[in-house]
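Shown next, in structure tokens, is the structure this report addresses.
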Amino acid sequence: MSLIESQTVTINKSNKEVFNFISDFNNFASLMPSQVEDIKITQDSCSFSIQGMPTVKLKIFERKPYSSVKMKNEDGKLPFNLLCSLKNINETQCIAQFHFEAELNSMMKIMLAKPLANFLNILAGKLKEIK
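For the sequence shown, this note's numbering begins at 66 and goes up steadily by one.
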């Protein structure tokens, strides 16, 4: 299993507030980078494409209150999971990190590691700025 992670970010919101935000894909659009196209969202799923890449179809399949939200790719071409983990610091702050998990051969990992890390870091950076 290959694991690619975002940087860890400290958010000036409680883990409960951030969990509630990321548990609803309707909020996820505000985290997406500008290169995202054709975004379609419901509360539990979203699909989008990034310039030059195939469409990604994510579905939330597990919510652990105030600690994590797990999503999986619904398209069978590249099965993967995307996890957002949260750790409480205090009543008004938490730590968040995105994790991409997939079975990747070494060539695929080399090709995808940098763009995926950049994508995950954009998500984490924008999550840090939520109002």
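Note that beta-carbon positions come from the ideal geometry of N, C-alpha and C, so glycine has one too.
Could you pull out every residue in the same chain whose Cβ sits closer than 7 angstroms to the Cβ of residue i, ignoring the five residues on either side in sequence?
i	result
Cys149	Ile87, Ser133, Val134, Ala161 and Phe163
For residue i and residue j, I'd like the C-alpha separation in whole angstroms.
i	j	result
Thr120	Ile69	20 angstroms
Ser99	Glu156	32 angstroms
Lys174	Phe165	11 angstroms
Ala189	Asp103	21 angstroms
Pro180	Gln158	28 angstroms
Met97	Met66	25 angstroms
Ala178	Asn186	12 angstroms
Lys152	Met176	30 angstroms
With distance defined between alpha-carbon atoms, name the residue in the options nearest to residue i.
i	options	result
Leu123	Lys78, Gly117 and Lys142	Lys142
Leu147	Met173, Glu168 and Ile76	Glu168
Tyr131	Ser110, Leu185 and Lys78	Lys78
Phe126	Met136, Met118 and Gly117	Met136
Glu139	Asp109, Leu151 and Thr75	Asp109
Phe84	Lys129, Thr73 and Ala94	Lys129
Lys191	Lys152, Cys111 and Ala94	Ala94
Asn91	Ser71, Thr73 and Thr107	Thr107
By the 10 Å Cβ neighbour count, where 16 or more other Cβ atoms means buried, how is residue i classified, buried or exposed?
i	result
Lys105	exposed
Ser171	exposed
Which same chain residues end up closer than 8 angstroms to residue i when comparing Cβ atoms and leaving out the 5 residues on each side of it in sequence?
i	result
Val101	Phe113, Ser114 and Ile115
**OP:** With a floor of 4 residues, list each alpha helix (DSSP H) that falls wholly inside the region 80 to 165, ordered by position along the chain.
**Re:** 80 to 87 and 90 to 93
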